[in-house]
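**Student:** Each residue of the sequence shown is one higher than the one before, starting from 3 at the first, in the numbering used here.
Mind having a look at this structure? Questions to follow.
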Amino acid sequence: MSDSGYPIEVLDPTPRPHEVHVIYPPRRRYWPHLLLFVATVFTTLVVGARLQYNFSLGLPQFHSDADLFPLSWALQHPRNLVLGIPFSVTLLGILLAHEMGHFFYAQRNHVYATLPFFLPAPTLIGTMGAFIRIRSPIRTRAALFDIGIAGPIAGFVAAAPTLLLALMASRPAASQPTDSGLVLGFPLIFQLAWKLLHPHGALQLAQLSLSPVAIAAWVGMFATSLNLLPGGQLDGGHIVYALSPRSHKLVSRLTVLALVPLGVFSWAGWLFWAALLLVSLMRHPPVPEYPPLDRKRKLLGWFALLMFVLTMLPAPFSQIDPKNGVQRAGLWQMLH
3 MSDSGYPIEV
13 LDPTPRPHEV
23 HVIYPPRRRY
33 WPHLLLFVAT
43 VFTTLVVGAR
53 LQYNFSLGLP
63 QFHSDADLFP
73 LSWALQHPRN
83 LVLGIPFSVT
93 LLGILLAHEM
103 GHFFYAQRNH
113 VYATLPFFLP
123 APTLIGTMGA
133 FIRIRSPIRT
143 RAALFDIGIA
153 GPIAGFVAAA
163 PTLLLALMAS
173 RPAASQPTDS
183 GLVLGFPLIF
193 QLAWKLLHPH
203 GALQLAQLSL
213 SPVAIAAWVG
223 MFATSLNLLP
233 GGQLDGGHIV
243 YALSPRSHKL
253 VSRLTVLALV
263 PLGVFSWAGW
273 LFWAALLLVS
283 LMRHPPVPEY
293 PPLDRKRKLL
303 GWFALLMFVL
313 TMLPAPFSQI
323 DPKNGVQRAG
333 LWQMLH
């Protein structure tokens with residue numbers, strides 16, 4: 003201690019080596035990405051071909067049970083696969099825009115991320131989406147925010163003009179669904195777009211036969227809302243953590259509590275997302291709290307909330323009951 007009472011730093015003259023840790027990113031393997039992408043192209047072509055076939059006949063998008071599993075139909079009529087190109091290109095383009103938004107901002111912030119993994123599915127919409135994996139630490143809240151919000155913004159921007167153009171190409175359905183028991187709901191952005199295109203029209207969205215491209219835009223908007231769920235390690239969870247690290251766990255738990263009744267009474271799929279959030283909210287990768295976010299990013303956080311409100315749909319799918327008409331697809335309705 004010095005006479006003034008303040009500590010004096012004593013420098014050690016003995017030179018000591020400093021340990022330097024160098025992290026090399028793993029070598030990229032392209033074949034898993036390519037294989038999954040090709041498989042997803044095929045499954046979206048199959049679904050898109052069936053959707054275009056129904057649309058050309060003026061039928062609803064899911065007219066019968068065969069529309070939910072069109073693989074055998076496509077294999078019997080392989081030439082019809084070309085009909086699925088508009089749907090496949092539109093949907094994969096929206097999903098790719100979303101994932102590359104994450105990827106480019108990860109690169110910009112010197113965070114190692116994989117290329118997108120696409121997930122094929124032989125039913126309903128032809129894919130279970132896509133994702134990238136972060137393989138290195140995210141060192142600032144700003145970087146976490148940018149990477150988290152870039153995907154939803156890119157996907158939303160890609161889907162919005164597509165939605166307007168595709169609704170213009172849609173037309174009234176010649177008949178209603180018969181035995182498939184599946185009807186799409188419409189988020190707020192669809193309703194606003196329809197009002198913009200037809201401010202005085204008597205035709206309702208539920209009476210439309212959506213073009214395959216419109217359905218691809220619907221899927222893109224639905225995927226945006228799922229990713230923006232404010233919890234866990236979803237995009238919305240990353241945004242919440244970047245805005246307020248100490249609020250992340252509480253917001254995640256509140257989101258789970260909100261999804262459970264939605265899963266019981268509106269759409270059973272929300273129970274899966276509640277379980278996913280419940281698992282992932284246990285631990286978020288640590289990110290330094292300082293420096294905090296700037297004002298511009300905080301304003302973008304409000305835009306993320308706006309996108310969520312515009313695209314969120316409590317009941318994305320409903321069921322057709324021959325006796326009772328349209329019914330919600332919640333767990334309660336399934337058990338009764």
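Glycine residues also receive a C-beta, built at the ideal position from the N, C-alpha and C atoms.
Closest to F89 by C-alpha separation, out of Q54, A99, V113, would be which residue?
**Tutor:** Taking the sequence shown and counting its residues from 1, the one referred to as residue 89 is at position 87. When each option's Cα is compared against that of F89, the closest is Q54.
**Student:** Determine the direct distance from the alpha carbon of A244 to that of L13, and round the result to whole angstroms.
**Tutor:** Looking up residue 13 in the sequence shown gives position 11. Looking up residue 244 in the sequence shown gives position 242. With a pLDDT of 48 at L13, under the threshold of 50, the modelled position of that residue is not reliable, and no figure is offered here.
**Student:** Terminal residues of the continuous alpha helix (DSSP H) containing M102?
**Tutor:** As a working mapping, residue 102 is identified with position 100 in the sequence shown. Per DSSP, M102 belongs to the alpha helix (DSSP H) from 87-110.
**Student:** Hey, how far is the Cα of G103 from the Cα of I134?
**Tutor:** Indexing the sequence shown from 1 puts residue 103 at position 101. Indexing the sequence shown from 1 puts residue 134 at position 132. Those two C-alpha atoms are separated by around 11 Å.
**Student:** Do T46 and G157 have their CB atoms nearer than 9 Å?
**Tutor:** The residue you call residue 46 lines up with position 44 of the sequence shown. The residue you call residue 157 lines up with position 155 of the sequence shown. Result no, Cβ atoms of T46 and G157 do not sit closer than 9 Å.
**Student:** Between the alpha carbons of V346 and S211, how many angstroms are there, rounded?
**Tutor:** Outside the displayed span of the chain (3 to 338) sits residue 346, for which this structure offers no information.
**Student:** Starting from A132, follow its DSSP beta bridges and name the residues at the other end.
**Tutor:** Indexing the sequence shown from 1 puts residue 132 at position 130. Answer is F120.
**Student:** Which partner residues of P174 appear in the DSSP bridge assignment?
**Tutor:** To locate residue 174, count along the sequence shown from 1; it is residue 172. According to DSSP, which records beta bridges pairwise, P174 is partnered with L210.
**Student:** Do you know whose CA, among M223, L236, V49, lies nearest I149's CA?
**Tutor:** Residue numbering aside, residue 149 sits at position 147 when the sequence shown is read from its first letter. The option with the nearest alpha carbon to I149 is L236.
**Student:** According to the neighbour-count rule (16 or more other Cβ atoms, all chains shown, within 10 Å of its Cβ), is I10 buried or exposed?
**Tutor:** Residue 10 sits at position 8 when you count from the first residue of the sequence shown. With a pLDDT of 46 at I10, under the threshold of 50, the modelled position of that residue is not reliable, and the figure given next carries that caveat. Exposed, since its Cβ has fewer than 16 Cβ neighbours within 10 Å.
**Student:** Classify R143 as buried or exposed, calling it buried when 16 or more other Cβ atoms lie within 10 Å of its own Cβ.
**Tutor:** What you label residue 143 is simply residue 141 of the sequence shown in a count that begins at 1. When all chains shown are included, R143 counts as buried.
**Student:** Where do the ends of the alpha helix (DSSP H) carrying F267 lie?
**Tutor:** Reading the sequence shown from its first residue, position 265 is the one you call residue 267. Taken as a continuous stretch (DSSP letters only), the alpha helix (DSSP H) holding F267 covers 250-267.
**Student:** Once the 5 residues before and after A260 are set aside, which same chain residues still bring their CB inside 8 Å of it?
**Tutor:** For the purposes of this step, residue 260 is taken as the residue at position 258 of the sequence shown. So the list is empty, once near-sequence residues are dropped.
**Student:** Would DSSP call A162 helix, strand or coil?
**Tutor:** Taking the sequence shown and counting its residues from 1, one reaches residue 162 at position 160. Helix, per DSSP.
**Student:** From the DSSP output, read off the bridge partner residues of A115.
**Tutor:** Stepping through the sequence shown from its first residue, residue 115 is reached at position 113. Note: A115 sits in a beta bridge opposite I136.
**Student:** Is it true that the CB of F119 sits closer than 9 Å to the CB of H35?
**Tutor:** One-based indexing of the sequence shown puts residue 35 at position 33. One-based indexing of the sequence shown puts residue 119 at position 117. In this structure, F119 lies closer than 9 Å to H35 by Cβ.
**Student:** CA-CA distance, L83 and L279?
**Tutor:** To locate residue 83, count along the sequence shown from 1; it is residue 81. To locate residue 279, count along the sequence shown from 1; it is residue 277. Answer to the nearest angstrom: the Cα atoms are 37 Å apart.
**Student:** Compute the beta-carbon to beta-carbon distance between G153 and E101, rounded to the nearest angstrom, for a pair I have assumed lies under 8 Å.
**Tutor:** Mapped onto the sequence shown, residue 153 falls at position 151. Mapped onto the sequence shown, residue 101 falls at position 99. Yes, G153 and E101 are in contact; Cβ-Cβ is about 6 Å, under 8 Å.
**Student:** Determine whether the beta carbon atoms of L146 and V281 lie at a separation below 9 Å.
**Tutor:** The count along the sequence shown starts at 1 and reaches residue 146 at position 144. The count along the sequence shown starts at 1 and reaches residue 281 at position 279. Not closer than 9 Å, so no.
**Student:** Excluding the five sequence neighbours on either side, which residues of its own chain have a C-beta within less than 8 Å of the C-beta of L207, listed in chain order?
**Tutor:** Counting from one through the sequence shown, the residue named residue 207 turns up at place 205. Taken in chain order, the residues that qualify are F188, F192, Q193, W196.
**Student:** First and last residue of the alpha helix (DSSP H) that includes G239?
**Tutor:** As a first step, residue 239 must be located in the sequence shown, where it is residue number 237. Note, G239: alpha helix (DSSP H), 237-245.
**Student:** Alpha helix (DSSP H) containing V311: first to last residue?
**Tutor:** Residue 311 sits at position 309 when you count from the first residue of the sequence shown. 297-313 is the span of the alpha helix (DSSP H), which, as asked, contains V311.
**Student:** Output the residue ranges of the beta strand (DSSP E) runs that lie fully inside the region 51-90 and measure 3 residues or longer, sorted by chain position.
**Tutor:** Fully enclosed beta strand (DSSP E) runs of 3 or longer: not present.
**Student:** Who are V185's beta bridge partners in DSSP?
**Tutor:** Taking the sequence shown and counting its residues from 1, the one referred to as residue 185 is at position 183. Per DSSP, S320.
**Student:** State the Cα-Cα distance for the pair G265 and A317, rounded to the nearest angstrom.
**Tutor:** As a position in the sequence shown, residue 265 is number 263, starting the count at 1. As a position in the sequence shown, residue 317 is number 315, starting the count at 1. Going by the C-alpha atoms only, they are around 9 Å apart.
**Student:** Leaving aside the five residues before and after K300 along the sequence, list all residues of the same chain whose C-beta is less than 8 Å from its C-beta, in chain order.
**Tutor:** Within the sequence shown, residue 300 is the residue found at index 298, counting from 1. Cβ neighbours of K300 beyond the five flanking positions: L245.
**Student:** Using a 10 Å radius around the Cβ and a threshold of 16 neighbouring Cβ atoms, would you call S254 buried or exposed?
**Tutor:** If you number the sequence shown from 1, residue 254 lands on position 252. Classification of S254: buried, given that the 10 Å Cβ count is 16 or more.
**Student:** So S249 packs on V242, CB below 8 Å; how close in whole Å?
**Tutor:** As a position in the sequence shown, residue 249 is number 247, starting the count at 1. As a position in the sequence shown, residue 242 is number 240, starting the count at 1. So it is a contact: roughly 7 Å between Cβ atoms.
**Student:** By the three-class DSSP mapping on this structure, what secondary structure does P154 have?
**Tutor:** As a working mapping, residue 154 is identified with position 152 in the sequence shown. Helix at P154.
**Student:** One question on the structure: do T313 and L190 come within less than 9 Å of each other, judged by their Cβ atoms?
**Tutor:** Walking along the sequence shown from the start, residue 313 turns up at place 311. Walking along the sequence shown from the start, residue 190 turns up at place 188. Taking 9 Å as the Cβ cut-off, T313 and L190 qualify as a contacting pair.
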